[in-house]
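S.K.:
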Amino acid sequence: MARHTRVPWLTLKRRETIEAWLFVSPTLIGFLIFFLGPLIAVVIYSMSEWNLLSGGQVFVGLANYRDALAENPDFWHVIRNSVIFAMGLVPMNMALALILAIALSRPRRGVVFFRTVFFAPVVTSAVAWAIVWKFLLQGEGGTVNQLLALVGVNGPNWLREPDWAMAAVIVTRVIKMVGLNMILYIAALQSIPRDYEEAARLEGATGWQVFRMVTWPLLAPTTLIIMVITTIGSFKVFDHIYLMTGGGPENGTLVLAFYIYEQAFEFFNVGYASALAMIMFVIVLMLTIVQLLLRQRGAT
């Protein structure tokens, strides 16, 4: 019988370590290639002056950051638009998702149909969704204004008036993405033991008191996840703005993600766009940390 040759240095612990690294290597390689590598590249680009048309890349240190934060008034206008978009989208999305989840969490006739109806926009092509709404929200020829005219209301040109364009983009984005948060809330509601609610009702609690004192606190972890995901998504929105308004009218819907695209691929200012991307990364990171800290403080 053939004997297996033992490798002196290959102990059981070392073999298990090698096998563990082999198992995690695909994920690790993907992380290095598709996340850490591009992140390092963006940091380097952000400290250089690089125009795709003119070619050469010149190191300028923090000049791009100084230009954005102190010298370019457009940047703060973009930040203002991004904050308005997030403050309009996040509360509206979460509130509507919770209302729908409460209404559709219990098994009853038609509940599966309505869940499908509200979730369908999430899996609908973002391009198709934005284009359809762009036609619906046209001036007098738009379907929305035609319906308003039937009840004697003269609707505005939603996407061509600065006062209405942002509201129109926010509402259509909420309608598209609310189904995802609704599903998350439904899953959380169904995981709450019914015994808690029954015990509260036996103590004489009303429906609102049961929700406020029992259901809502138990939904806190899910609410935090939804808040973080929705906030990050609101700052990363691009396709909706690009297809519906193009940042207009009068830069009224020019948000940070679209501004970065504009600087990089319309003005070919890669260095400045990279600095803007890093600023957006820091903003989103800070918002996430603040939300996590608030959640931890609320839990103590």
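Under my numbering, the first residue of the sequence shown is numbered -7, with each subsequent residue one higher.
We treat Cβ as the ideally placed atom computed from N, Cα and C, and that holds for glycine.
#1: When you compare only the Cα positions, how much space is there between Leu129 and Ala112?
#2: Consult DSSP for Ile94 and reduce its assignment to one of helix, strand or coil.
#3: Over what stretch of residues does the alpha helix (DSSP H) that includes Gln201 continue unbroken?
#4: Which residues does DSSP pair with Gln49 in a beta bridge?
#5: Would you mind listing the alpha helix (DSSP H) stretches within the stretch 97 to 168 that are 4+ residues and don't spill past its ends, in chain order?
#6: Can you check DSSP and say which residues form a bridge with Asn261?
#7: Within 8 Å, do at least three Cβ pairs link the stretch 53 to 71 to the stretch 247 to 256?
#8: Measure the C-alpha to C-alpha separation of Ile233 and Glu11 and round it to an integer number of angstroms.
#9: From Tyr188 to Met169, what does the alpha carbon distance come to, in whole angstroms?
#10: Does the separation of the CB atoms of Ser226 and Val82 fall below 8 Å?
#11: Taking three-plus beta-carbon pairs below 8 Å as touching, is the stretch 139 to 151 in contact with the stretch 104 to 122?
#12: Specify the secondary structure class of Met272 as computed by DSSP and reduced to three states.
#13: I'd like to know if the stretch 137 to 146 and the stretch 94 to 112 are in contact, where contact means that at least 3 CB-CB pairs between them fall below 8 Å.
#14: Taking C-alpha atoms, which residue in Pro30, Leu88, Ala62, Asn64 lies nearest to Thr222?
#15: May I ask which residues mark the beginning and end of the alpha helix (DSSP H) holding Ala191?
#16: Within 8 Å of any Cβ in chain B, is that where the Cβ of Val52 sits?
#17: Are there three or more Cβ pairs, one per stretch, closer than 8 Å when the stretch 259 to 279 is compared with the stretch 33 to 46?
#18: Does Thr245 come out as helix, strand or coil in the three-state DSSP assignment?
#19: Our contact map puts Leu277 next to Ile178 with C-beta atoms below 8 Å; I'd like the distance itself, whole angstroms only.
#20: Does the distance from the CB of Val161 to the CB of Thr245 come in under 8 Å?
#21: Can you grab the Cα-Cα spacing for the pair Asn325 / Leu45, in whole Å?
M.R.: Taking the coordinates as given:
#1: In the sequence shown, residue 129 corresponds to position 137, counting from 1. In the sequence shown, residue 112 corresponds to position 120, counting from 1. Approximately 21 Å, taken between the alpha carbons.
#2: The residue labelled residue 94 in the question sits at position 102 within the sequence shown. The answer is helix: DSSP assigns Ile94 an H, G or I state.
#3: Here residue 201 is taken as the residue at index 209 of the sequence shown, counted from 1. 199 to 202 is the extent of the alpha helix (DSSP H) around Gln201.
#4: Sequence index remark: in the sequence shown, residue 49 carries index 57 (1-based). Bridge partners of Gln49: Trp42.
#5: 103 to 115, 118 to 128, 135 to 142
#6: Translated into positions along the sequence shown, residue 261 becomes position 269. Asn43, per the DSSP bridge assignment.
#7: yes
#8: In the sequence shown, the residue the question calls residue 233 occupies position 241. In the sequence shown, the residue the question calls residue 11 occupies position 19. Roughly 47 Å between the two C-alpha positions.
#9: Sequence index remark: in the sequence shown, residue 188 carries index 196 (1-based). Sequence index remark: in the sequence shown, residue 169 carries index 177 (1-based). C-alpha separation (whole angstroms): 31 Å.
#10: Position 234 of the sequence shown holds residue 226. Position 90 of the sequence shown holds residue 82. The answer is yes: Cβ separation under 8 Å.
#11: no
#12: Residue 272 sits at position 280 when you count from the first residue of the sequence shown. Here Met272 sits in helix by DSSP.
#13: no
#14: For the purposes of this step, residue 222 is taken as the residue at position 230 of the sequence shown. With distances taken between Cα atoms, Thr222 lies closest to Leu88.
#15: Stepping through the sequence shown from its first residue, residue 191 is reached at position 199. Where Ala191 is concerned, the enclosing alpha helix (DSSP H) stretches over 186 to 194.
#16: Among the chains in the structure shown there is no chain B, since it carries only a single protein chain.
#17: yes
#18: Stepping through the sequence shown from its first residue, residue 245 is reached at position 253. Coil at Thr245, not helix or strand.
#19: Translated into the one-based positions of the sequence shown, residue 277 becomes position 285. Translated into the one-based positions of the sequence shown, residue 178 becomes position 186. At roughly 29 Å, the Cβ-Cβ gap does not stay under 8 Å, so Leu277 and Ile178 are not in contact.
#20: Residue mapping note: residue 161 aligns to position 169 of the sequence shown, counting from 1. Residue mapping note: residue 245 aligns to position 253 of the sequence shown, counting from 1. Yes, Cβ-Cβ distance for Val161 and Thr245 is below 8 Å.
#21: Limits of the chain in this structure are -7 at one end and 292 at the other, which puts residue 325 out of reach.
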